[in-house]
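Engineer: Protein chains in written order, with UniProt numbering: chain A, 1 to 311; chain B, 1 to 326.
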Amino acid sequence: VFPGVRQAQWLTKTKVVEGLPAAVQGILDNPALGLQELEDRAKHVVSHARLWDTTEVTPRREKYCPVLFENLIHICRLMSGKYPSLSKRMLARNCRIAATWERESILLQVRGLSGILMNSMTPIPPVASKEEILATKEHVLETFYPIAPTIDLQEVNVYQELNDTGFRDGYPYSHPHTLFFLESANVRTDRFRPEQLRAKMLMFAFGNALAKARALHGNDPKVLEQPIVVQSVGTDGQLFQFMVFQLNTTDLVSNDSIKNLVWIDSDQNLYERAQCVPEVKKRVVTKPAGISGFQPDTFKKFLALYLHGTV
Amino acid sequence: GAEAPAAAEAPGDAKAPGAARAPEPSAGPEPYLDIGELRSLACDALLQESFYQKKKRPFLYRDQDHTPGPFLTQLVSTLAASLSGRNPLLAVSSLDLNPEVNYYWHHGEEVVAHGHRKGRVDPVRFQIDDNPHLQIRVPKQLPEVVHLESDLGDIPVIDHKPSKLPLFKKQYENKVFIGSKVADPCCYGHTQFHLLPDRLKRERFIKERLEDQIEVVYRSNGIASLFAWTAAQAMYQGFWNEADVTRPFVSQAVVTDGKYFAFFCYQLNTLALTAETIKNNPRKNICWGTDSKPLYDVVEDGNVKGFNDEILLQLVRFLLNRPKEL
């Protein structure tokens, strides 16, 4: 069982801020980007994933969740016709991450397949000002006394304290930009619930940022001159979770001093319902076929996170 | 990609000239194309999948999923995105990963051999079920290459039943599908990308001294897949064997094993292939194709050696193909 966000923030020494950071909000509000015209394409893409992409009546979640993701990324990628610097990005699937750190004398590790990772040649500039970072000194991390913060974590014997970004040296797209998590299991109990998904997103964003920090600055714990920003997007094919994580410090043992920051925009629906066959009750169509309740703002946030750091 | 029989010549009235020229897509004169930029995108994709990303060993006999498959996906998605500024058709395209393409048709006749219907004459039924690695669908049709009524040569005749050819041994459901349902506005095919499976890799043919069959694999994949795709597109537009197409349907395909690339362009001129409708039908479907050539020599220590710009240019030309008015 994966810990909730409250636990994850203690484990990663992070302060949580509701909503998206100002830098991303600025992209959303920028009319020059033409986000309005893309709304129609986004609607088509949702229809394709949820209604049209099968020879059967309805596609199953295992199929439509990844297809929806690929379609959304395709729209985002096509923006590089307009902004050529966007082509300095590379998507990596099934990449492995390993990061190790100590929190109050407990040794913690993040390891394994971290979903789909988009890498960039240039890092995302820090989203929090110096004042905001310094202000985290005052923030007190929530503790769960008497419950140990490591409850429900898998206890393993670690023989190798490994820090690995998953890529060899010299890789030109060396900055982790955004992680994508697709909860595409058909059975609901096999999927992560939103709270657990957000916790997983936080842990892996932290893991990738930490591994990158160690690769850049070595293993000594310290406050980072240039904070590292890694974003996370999680979805089950309909509900989206957006996260922007900023690693300010690798000094994680104590509870004082500078903390890391994460902005979370949770439970954003892309659409209300996708009806493949119209629902008819007593010879009256109660629910027409098609996508209803499309929320363009959710798609705009997805695109804004994609463009962040380059545009 | 589709099943690739060792003896090519899939039915469907397709004429495939041997080592033919690759057709010139009818795009107007372009502003200077930055081939260096495109080359570096292609090399970056290749190096990421084969060198930089740390991966586990490939699964048994599934080498194509380890490096060639991901490389092809990366290559096409980044090139298509980068070229979308020049080709407005790409900017409104739909990219499918691992789609299904199906087509069902009748061609020729046979006499029923056993059972209570013995002695009666039945049409011979064919079904293609294809899984391209990637395909690009667009809302506008590609322009015709030659006129609808052109005759570029003769078609060979095969007298065996389809179940004797490896491509048509099993037929389960009779389906017609272009990759998406009829409601999708992207109802025309632009380009398909096929990945050859491990059991058809070049080394195996060379070891068994069947080098002359290597090109057959590419060609048969190109013809069969493109026929199924264009014919299904025509059916989506309302044509069938008794209401033949009034305009040609053109689509392209690239068949590759990750290193060697072969390019194909198909023009569907007729759907009338049943015993009755084929009698007075002079039209023929046409497929142009190239031999397979390597995109690069080898990847060594984070460097791509022997990169072949010609192949990249051909791929770029394919992606830039669009109707004249765009």
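Don't be surprised by glycine CBs; every beta carbon is placed ideally from N, CA and C.
(1) Is there a Cβ of chain A sitting closer than 9 Å to that of Glu100/B, yes or no?
(2) Any Cβ of chain A within less than 9 Å of the Cβ of Lys140/B?
(3) Straight-line CA distance for Asn285/B to Cys186/B?
(4) When you compare each of Glu56/A, Glu225/A, Phe206/A to Lys130/A by their alpha carbons, which one comes out closest?
(5) Count the other C-beta atoms from every protein chain shown that fall within 10 angstroms of the C-beta of Tyr32/B, then say buried if there are 16 or more, exposed otherwise.
(6) When the distance is taken between beta carbons, is Thr256/B closer than 9 Å to Leu312/B?
(7) Along the alpha helix (DSSP H) that carries Glu131/A, what are the first and last residues, could you check?
(8) Starting from Ser85/A, find everything on chain B with Cβ-Cβ shorter than 7 Å and list it in chain order.
(9) Can you list, in chain order, the residues of its chain whose CB lies under 6 Å from that of Ala42/A, leaving out five sequence neighbours each side?
(10) Under a three-way DSSP split, which group does Ser251/B fall into?
(11) Assign Leu60/B to one of two classes, buried (16 or more other C-beta atoms within 10 Å of its C-beta) or exposed (fewer than that).
(12) Checking contacts by CB at 9 Å: is Tyr218/B closer than that to chain A?
(13) Only counting runs of 3 or more residues, tell me where the beta strand (DSSP E) segments fall wholly within the segment 40 to 122 of chain B, in order along the chain.
(14) Which partner residues does Val146/B have in the DSSP bridge list?
(15) Closer than 9 Å, CB to CB, is Asp293/B near chain A or not?
(16) Tell me the start and end of each unbroken alpha helix (DSSP H) in the segment 181 to 248 of chain B that is at least 4 residues and wholly inside, in chain order.
(17) What are the boundary residues of the beta strand (DSSP E) that Leu197/A is part of?
(18) By DSSP's criteria, Trp101/A is part of a beta bridge. Which residues make up the other side?
(19) Rounding to the nearest angstrom, what Cα-Cα distance links Pro59/A and Ser47/A in this structure?
(20) How is the beta strand (DSSP E) around Cys287/B delimited, first residue to last?
(21) Using a Cβ-Cβ cut-off of less than 9 Å, give me the residues of the segment 48 to 72 of chain A that come near chain B, in sequence order.
(22) Using a Cβ distance threshold of 8 Å, determine whether the segment 91 to 99 of chain A contacts the segment 158 to 178 of chain A, with at least three qualifying pairs required.
(23) If we define contact as Cβ-Cβ less than 9 Å, is His175/A a contact residue for chain B?
(24) How many angstroms separate the CA atom of Lys137/A from the CA atom of Leu261/A?
(25) Under the DSSP definition of a beta bridge, which residues are partnered with Lys305/B?
(26) Closer than 7 Å by beta-carbon distance: list the chain B residues that pair up with Ala171/A, in chain order.
(27) Do we get a CB-CB distance below 9 Å when we pair Ser80/A with the residues of chain B?
(28) Got a sec: is the Cβ-Cβ distance from Asp44/B to anything in chain A below 9 Å?
(29) Three or more beta-carbon pairs under 8 Å between the segment 225 to 242 of chain A and the segment 196 to 204 of chain A, yes or no?
(30) According to the neighbour-count rule (16 or more other Cβ atoms, all chains shown, within 10 Å of its Cβ), is Glu70/A buried or exposed?
(31) Which residue from Leu148/B, Val316/B, Asp297/B puts its Cα closest to that of Phe307/B?
(32) In angstroms, rounded to a whole number, what distance separates the CA positions of Glu325/B and Lys88/A?
(33) Name the chain A residues whose beta carbon is nearer than 8 Å to that of Pro70/B?
(34) Who are the Cβ neighbours of Val127/A in its own chain at under 7 Å, not counting the five residues just before and after it?
(35) Tell me whether Val138/B sits in a helix, a strand or coil according to DSSP, three-state version.
(36) Flag this pair as touching only if the segment 204 to 212 of chain B and the segment 165 to 175 of chain B have three or more C-beta atom pairs under 8 Å; answer yes or no.
Structural biologist: The relevant details are as follows:
(1) Taking 9 Å as the threshold, the shortest C-beta distance from Glu100/B to chain A falls below it.
(2) Chain A contact via Cβ: absent.
(3) Asn285/B and Cys186/B: Cα-Cα distance of roughly 23 Å.
(4) Closest option to Lys130/A, Cα to Cα, is Glu225/A.
(5) Classification of Tyr32/B: exposed, given that the 10 Å Cβ count is below 16.
(6) No.
(7) Residues 130 to 135.
(8) Neighbours of Ser85/A on chain B: none; closest Cβ ~11 Å, over 7 Å.
(9) If we look at Ala42/A and ignore the five residues flanking it on each side, its Cβ neighbours are Phe299.
(10) When secondary structure is reduced to three states using DSSP, Ser251/B falls in the strand class.
(11) Exposed, since its Cβ has fewer than 16 Cβ neighbours within 10 Å.
(12) Cβ-Cβ to chain A under 9 Å: no for Tyr218/B.
(13) Uninterrupted beta strand (DSSP E) stretches at least 3 residues long and entirely within the segment 40 to 122 of chain B occur at 94 to 97, 101 to 111, given in chain order.
(14) Paired residues: none, contrary to the question.
(15) Reading off the sequence shown, one finds Lys at residue 293/B, where the question assumed Asp. Not closer than 9 Å to any Cβ of chain A, the Cβ of Lys293/B fails to qualify, so no.
(16) List check, alpha helix (DSSP H) in window: 202 to 207, 214 to 236.
(17) DSSP places Leu197/A in no beta strand (DSSP E) but in the uninterrupted alpha helix (DSSP H) bounded by 194 to 217.
(18) DSSP, once it has assigned bridges, lists Leu108/A as partnering Trp101/A.
(19) Rounded to the nearest angstrom, the two C-alpha atoms are 11 Å apart.
(20) Counting along the chain, the beta strand (DSSP E) containing Cys287/B begins and ends at 285 to 289.
(21) Residues passing the 9 Å Cβ filter: His48, Leu51, Trp52, Asp53, Thr54, Thr55, Pro66, Val67, Glu70, Asn71.
(22) In the pairwise beta carbon analysis, the segment 91 to 99 of chain A is classified as touching the segment 158 to 178 of chain A: at least three pairs are separated by under 8 Å.
(23) So, not an interface residue.
(24) Computed Cα separation, rounded: 11 Å.
(25) The partner list for Lys305/B (beta bridge, DSSP) reads Val298/B.
(26) Strictly speaking, residue 171/A in this sequence is Tyr, with Ala absent from that position. Those are Tyr52, listed as they occur along chain B.
(27) Interface residue, yes.
(28) With its beta carbon less than 9 Å from one in chain A, Asp44/B belongs to the interface.
(29) With a cut-off of 8 Å, the segment 196 to 204 of chain A and the segment 225 to 242 of chain A count as touching, because enough Cβ pairs lie within range.
(30) With 16 or more other Cβ atoms from the protein chains shown falling within 10 Å of its own Cβ, Glu70/A counts as buried.
(31) Nearest to Phe307/B by alpha-carbon distance, out of Leu148/B, Val316/B, Asp297/B, is Asp297/B.
(32) Taking the straight line joining both Cα atoms gives about 31 Å.
(33) Within 8 Å Cβ-Cβ: Arg93.
(34) Non-local beta-carbon contacts of Val127/A in its own chain, meaning distances under 7 Å to residues more than five positions away in sequence, involve Pro21, Ala23, Val229, Val244, Gln246 in chain order.
(35) DSSP, read as helix, strand or coil, puts Val138/B in strand.
(36) No: fewer than three Cβ pairs fall under 8 Å.
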